[in-house]
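Each remark here refers to the structure printed beneath this line.
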Amino acid sequence: MNTKRMRLFWGLVFGIVFGFLLQKGGVTKYDVIINQLLLTDFTVLKIMLSAVVAGMIGLYLMQGLGWIKLRPKAGSWGRNAIGGLIFGAGFALLGYCPGTIAGAIGNGYLDALTAGLAGIVLGSGLLAAAYPRLKEGMLKRGYFGNVTVPQVLKVNNWAVIIPMAAIIVVMLYLLERAGY
Amino acid sequence: MNWFTEVEWSPYVVGAAIGVLSWFTWLVSNEPIGCSTSFSRIAGMIERLFRGKRVEKKLYYQEVKPEVDWQVMLVMGIVIGALVSALLSGDFTWQWIPSVWGADIGNNTAIRLIVAFVGGILLGLGSRWAEGCTSGHGISGTMQLAVSSWISAACFFIGGILIAQLVFKVIA
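If you read the protein sequences in the order shown, they are chains D and E. Using our numbering, the letters of the first sequence map in sequence onto residues 1 to 180. Using our numbering, the letters of the second sequence map in sequence onto residues 1001 to 1172.
Structure (structure tokens):
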């Protein structure tokens, strides 16, 4: 297999593992996602925050060893805050996100396969159409670049990673103790 | 094998495993886990079917090429992985209306599909506007400690919680 084929093959393999995990986690289900947004079930946050703790420690260790080079995305308030809020509205109405909708389709959920999927593709196309005007306008508002939290605080990466991991673990523990 | 036939795993096991999976996507493919760019590429490929090659001249599609790449394959893989998991545990069901929706809003399929469609449009628009989704920003970007991703992830949930409350507590 040539390199390009091999790359696509690995994408598929990682996707299969990711989809398997999402389904086992229950987040391919509308009910689990909407109950998170209604603050009655915290499965989504538990999964995301556990992934962040495990991922963050591993990635920064590997970067320290020179094995990988991380690429934090550049951003701006106009891009991330406005886009994030639009996303949030869609997240609540659809009850799936771009990754979990693929899992929901695999789970047999037809609202995801039909209207949901069509909507996401159309919405992505709309952004592409509006992009020339947005690029130099709203998407530039409050630009801050590809900075990380340690860079903003001007501290060593581990001075953020260790306390953040600790805070997340304590938060999850308290959430469990409160019965969620 | 019992493990693989269980319907649900602990969210902490699933989350930690996703974190470990992301070590390997970086190591093997030099890529963070992400999904929403794929929908831009798919939108571009569909547009190209109707409007031809000139679609590739659009500013957005010069930056995000309408082609099948690593991440599009990842998204296809998610469908397969979820299907396998659901079949193994007997959790696979054809379903038009999710049960929480049915109980609180009703069993009219057309209404569910209209709202899902509008939600999908906002989700596609918002994820590409923010340049990432719950995976690209919410998981992969936050674990890189990117400021853009922490702001995006916070706004996903602020927007989501507000609209969910509005739909289920005020309208329904």
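Think of the CB as a built atom: it goes at the ideal place given N, C-alpha and C, for glycine as much as any other residue.
Neighbourhood of residue i by C-beta distance below 8 Å, restricted to the same chain and skipping five residues each side
i         : result
D/Phe18   : Gly99
E/Ser1022 : Pro1032, Ile1033, Ile1139, Ser1140, Met1143
D/Met62   : Ile68
E/Asp1104 : Phe1168, Ala1172
Inter-residue spacing [alpha-carbon to alpha-carbon] between residue i and residue j
i         : j         : result
E/Gly1077 : E/Val1084 : 10 Å
D/Val147  : E/Ser1149 : 10 Å
E/Tyr1060 : D/Ala128  : 5 Å
D/Trp10   : E/Thr1093 : 28 Å
D/Leu139  : E/Leu1049 : 29 Å
E/Leu1145 : E/Glu1063 : 24 Å
E/Glu1006 : D/Leu38   : 26 Å
E/Ser1089 : E/Ile1080 : 14 Å
D/Leu22   : D/Lys154  : 36 Å
D/Val121  : E/Tyr1012 : 31 Å
E/Lys1057 : E/Leu1122 : 25 Å
D/Leu175  : E/Val1014 : 17 Å
D/Thr28   : E/Gln1071 : 19 Å
E/Val1028 : E/Ser1135 : 18 Å
D/Gly25   : E/Arg1054 : 42 Å
D/Ala89   : D/Tyr131  : 20 Å
E/Ile1111 : D/Ala74   : 38 Å
E/Val1170 : D/Leu110  : 27 Å
D/Met6    : E/Gln1165 : 45 Å
E/Asn1108 : E/Pro1098 : 11 Å
D/Gly64   : D/Pro72   : 16 Å
D/Ile16   : E/Ala1082 : 7 Å
D/Pro163  : D/Leu70   : 20 Å
E/Ala1116 : D/Gly119  : 8 Å
E/Ser1010 : D/Arg133  : 45 Å
E/Ala1016 : D/Ile57   : 11 Å
Residue i, DSSP secondary structure in three states
i         : result
D/Gly142  : coil
E/Ala1146 : strand
D/Thr3    : helix
D/Leu96   : The amino acid occupying residue 96 of chain D in the given sequence is Tyr; Leu does not appear at that position. The answer is coil: DSSP assigns D/Tyr96 none of H, G, I, E or B.
D/Tyr180  : coil
E/Leu1132 : At residue 1132 of chain E the sequence reads Gly, which differs from the Leu that was named. Of the three classes helix, strand and coil, the one that applies to E/Gly1132 here is coil, per DSSP.
E/Gly1019 : helix
D/Gly125  : helix
D/Gly75   : strand
D/Thr114  : helix
E/Thr1025 : helix
D/Thr148  : strand
Close beta carbons around residue i, own chain, < 7 Å, minus the five adjacent residues each side
i         : result
D/Arg141  : Ser76, Trp77, Gly78
E/Leu1113 : none
D/Tyr96   : Tyr30, Ile33, Ala104, Ala112, Gly116
D/Tyr60   : Asn157, Ile161
D/Asp41   : Val32, Asn35
D/Lys46   : Leu172
E/Gly1124 : Phe1039
Contact set between residue i and chain E, taken where Cβ atoms lie within less than 8 Å
i       : result
D/Thr43 : Pro1011
D/Gly95 : Pro1098, Trp1101, Ala1116, Gly1119
Cross-chain neighbours of residue i in chain E, by beta carbon under 9 Å
i        : result
D/Thr148 : Gln1144, Leu1145, Ala1146, Val1147
D/Gly116 : Leu1113, Ala1116, Phe1117, Gly1119, Gly1120, Leu1123
Contact list for residue i against chain D, beta-carbon separation under 9 Å
i         : result
E/Ala1172 : Per Cβ cutoff of 9 Å: no residues; E/Ala1172 is ~11 Å from chain D at best.
E/Phe1050 : The contacting residues do not exist; E/Phe1050 stays about 11 Å from chain D at best.
E/Glu1067 : By Cβ distance, chain D contributes nothing, its closest Cβ being about 11 Å from E/Glu1067, past 9 Å.
E/Gly1159 : Gly84, Leu85, Ile86, Phe87, Gly88, Ala89, Gly90, Phe91, Ala92
E/Gly1044 : Ser124, Gly125, Ala128
Beta-carbon proximity list for residue i, same chain, < 6 Å, skipping 5 on both sides
i         : result
E/Met1045 : Pro1066
D/Ile101  : Ala112, Gly116
D/Thr43   : Gly26, Val32
D/Ile168  : Leu49, Val53
E/Thr1025 : Glu1031, Ile1033
D/Val149  : Val160
E/Ala1130 : Ser1152
Where residue i meets chain D, residues with beta-carbon distance less than 7 Å
i         : result
E/Lys1053 : Correct list: empty, because the minimum Cβ distance to chain D is about 16 Å.
E/Gln1095 : Gly108, Tyr109, Leu110
E/Ile1033 : Phe18
7 Å Cβ cut-off: residues of chain E touching residue i
i        : result
D/Pro163 : Those within 7 Å of D/Pro163 in chain E number zero; the least Cβ separation is about 12 Å.
D/Lys140 : Those within 7 Å of D/Lys140 in chain E number zero; the least Cβ separation is about 13 Å.
D/Met48  : Gly1015, Gly1138, Ile1139
D/Leu211 : Beyond the ends of chain D as shown, which are 1 and 180, falls residue 211 of chain D; an answer cannot be given.
D/Lys73  : Glu1131, Gly1132, Gly1141, Ala1146, Ser1148, Ser1149
D/Arg7   : Ser1029, Trp1070
Amino acids of chain D, ordered along the chain, whose beta-carbon sits closer than 8 Å to that of residue i
i         : result
E/Ile1121 : Gly90, Gly119, Ile120, Leu122, Gly123, Leu126
- Closer than 7 Å, Cβ to any Cβ of chain E: which residues of the segment 123-134 of chain D, in chain order? Gly123, Ser124, Gly125, Leu126, Leu127, Ala128, Tyr131, Pro132
- Selection of the segment 1070-1083 of chain E by Cβ proximity to chain D, strictly under 9 Å: Trp1070, Gln1071, Val1072, Met1073, Leu1074, Val1075, Met1076, Gly1077, Ile1078, Val1079, Ile1080, Gly1081, Ala1082, Leu1083
- Can you list, in chain order, the residues of the segment 10-30 of chain D whose Cβ is nearer than 9 Å to any Cβ on chain E? Trp10, Gly11, Leu12, Val13, Phe14, Gly15, Ile16, Val17, Phe18, Gly19, Phe20, Leu21, Leu22, Gln23, Lys24, Gly25, Gly26, Val27, Thr28, Lys29, Tyr30
- Query: Looking at chain D, which residues of the segment 1016-1030 of chain E have a Cβ within less than 9 Å of any of its Cβ atoms?
  - Reply: Ala1016, Ala1017, Ile1018, Gly1019, Val1020, Leu1021, Ser1022, Trp1023, Phe1024, Thr1025, Trp1026, Leu1027, Val1028, Ser1029, Asn1030
- Task: Select from the segment 59-70 of chain D all residues with a C-beta closer than 7 Å to any C-beta belonging to chain E, and list them in chain order.
- Result: Leu59, Met62, Trp67, Ile68, Leu70
- Item | Residues of the segment 1128-1140 of chain E whose Cβ lies closer than 7 Å to any Cβ of chain D, in chain order | Arg1128, Trp1129, Ala1130, Glu1131, Gly1132, Cys1133, Thr1134, Ser1135, Gly1138, Ile1139
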